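Asker: Once you've had a glance at the structure underneath, I'll fire off some questions.
Numbering (the working numbering), first residue to last: 1433 to 1788.
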């Protein structure tokens, strides 16, 4: 179905995108514990492609194997989280962070421990601010998880040290086609690479397209590195999220660029990205009428591209980022129109055979 201006529309409609996104959000898994979201992703990808899981746990979907050139689309599927590090005599759980955290947003949050025998709900606790002297900002070491246990033995009956912990919030539909949920960073990117691959399959692409739901991006980039070693792409495109600028913080555009909800994908340019790829993405976006912004990197992009570019003899990498508000919180907010635009642009890049 074309856009109103007559240009191609490869992404499904908003209702379909939401329906396919929800199982990815329901399947929880921080870095190192991604089995559940990878399985959910493979269930969707298996509808149109050959799928498999690599030794590190990343999910792969291959369209038109043996085609040329080889293009790999990578969207990491892990999320930030915690890991239970200690259970004290009172049955309180203590934890260390998985990925980049601001402890101030954790106090009082509902969380879920992904225990071996099922999910265990809990709440992040710390000393009430009334009892703190001076700086009352909580630190990660001050926070503990209350699961209602009465003793160490009680807690240990359901929890094991090393069990991962994630936010307990559920997705919420907001006005104007926007959604709030934990783990939009980066279930959005994981869905984008999947839907772009689906669209190329339906369009009889000549290139070989490998869509990858990569693991461990929030901690090490290991999943993406292993994936491109295996797929040996001529071009690799990382799809992730970036900081939305339409929040009440003075000067955020000066730090991160102007990427508002509804402004489309942010095309990365910098020391890590391949300039001809970035140029081709901009050209395609203009030709197809896809809104976009440009995100400049002084050094690292903060995405899987940082590791992929240095694999083997070197990989030509590009980056597309979807703007979200409140990154690394329980209420990340995104516009599904930006997801659709990202899918459209990634699909067009694949159908064009990569860089022109």
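All residues carry an ideal CB built from backbone N, CA and C; glycine is no exception.
This one's a predicted model, so the numbers in the text were calculated from it and none came from an experiment.
1. Given that a residue counts as buried once 16 or more other Cβ atoms are within 10 Å of its Cβ, and exposed if not, what is residue 1636?
2. Do you know how far the Cα of residue 1545 is from the Cα of residue 1615?
3. Using the rule of at least 16 other Cβ atoms within 10 Å of the residue's Cβ for burial, across every protein chain shown, is residue 1540 buried or exposed?
4. Count the other C-beta atoms from every protein chain shown that fall within 10 angstroms of the C-beta of residue 1760, then say buried if there are 16 or more, exposed otherwise.
5. To the nearest angstrom, how far is the alpha carbon of residue 1734 from that of residue 1509?
6. My assumption, with CB atoms under 8 Å, is that residue 1659 sits in contact with residue 1646. Please give the rounded CB distance.
7. In terms of residue numbering, what span does the alpha helix (DSSP H) encompassing residue 1764 cover?
8. Going by DSSP in three states, residue 1537 sits in which element: helix, strand or coil?
9. Could you compute how far the alpha carbon of residue 1524 sits from the alpha carbon of residue 1595?
10. So residue 1654 is in the alpha helix (DSSP H); what residue range does that whole segment cover?
11. Does the contact criterion of 3 or more C-beta pairs under 8 Å hold for the segment 1550-1559 versus the segment 1768-1788?
12. In whole angstroms, give me the CA-to-CA distance for residue 1444 and residue 1486.
13. Are at least three pairs of beta-carbons, each pair with one atom in the segment 1731-1750 and one in the segment 1586-1594, less than 8 Å apart?
14. Among 1722, 1557 and 1648, which has the Cα closest to the Cα of residue 1769?
15. Check for me: the beta strand (DSSP E) holding residue 1483 runs from which residue to which?
Answerer: Quick look at the numbers:
1. Locating residue 1636 in the chain shown gives position 204, where the first residue counts as 1. Residue 1636 should be labelled exposed.
2. Within the chain shown, numbered from 1, the residue matching residue 1615 stands at position 183. Within the chain shown, numbered from 1, the residue matching residue 1545 stands at position 113. Their backbone Cα atoms lie some 15 Å apart in a straight line.
3. For the purposes of this step, residue 1540 is identified with residue 108 of the chain shown, where counting begins at 1. Per the 10 Å Cβ criterion, exposed.
4. As a first step, residue 1760 must be located in the chain shown, where it is residue number 328. Buried.
5. As a working note, residue 1734 is residue 302 in the chain shown. As a working note, residue 1509 is residue 77 in the chain shown. Residue 1734 and residue 1509: Cα-Cα distance of roughly 15 Å.
6. Position 227 of the chain shown holds residue 1659. Position 214 of the chain shown holds residue 1646. With 8 Å as the limit, residue 1659 and residue 1646 qualify as a contact, their Cβ atoms being about 6 Å apart.
7. On the chain shown, position 332 is the one that residue 1764 refers to. Unbroken run through residue 1764 is the beta strand (DSSP E), 1764-1767; no alpha helix (DSSP H).
8. Reading the chain shown from its first residue, position 105 is the one you call residue 1537. In this structure, residue 1537 counts as helix in the three-state DSSP scheme.
9. By one-based count along the chain shown, residue 1524 stands at place 92. By one-based count along the chain shown, residue 1595 stands at place 163. Taking the straight line from one Cα to the other gives about 14 Å.
10. By 1-based counting over the chain shown, the position of residue 1654 is 222. Looking at the DSSP string, the run of the alpha helix (DSSP H) that includes residue 1654 is 1654-1663.
11. no
12. Here the question's residue 1444 lines up with position 12 in the chain shown. Here the question's residue 1486 lines up with position 54 in the chain shown. Spanning the two alpha carbons is a distance of roughly 28 Å.
13. They do not touch, by the three-pair rule.
14. The residue you call residue 1769 lines up with position 337 of the chain shown. It is 1722 whose Cα lies nearest to the Cα of residue 1769.
15. Locating residue 1483 in the chain shown gives position 51, where the first residue counts as 1. Where residue 1483 is concerned, the enclosing beta strand (DSSP E) stretches over 1482-1485.
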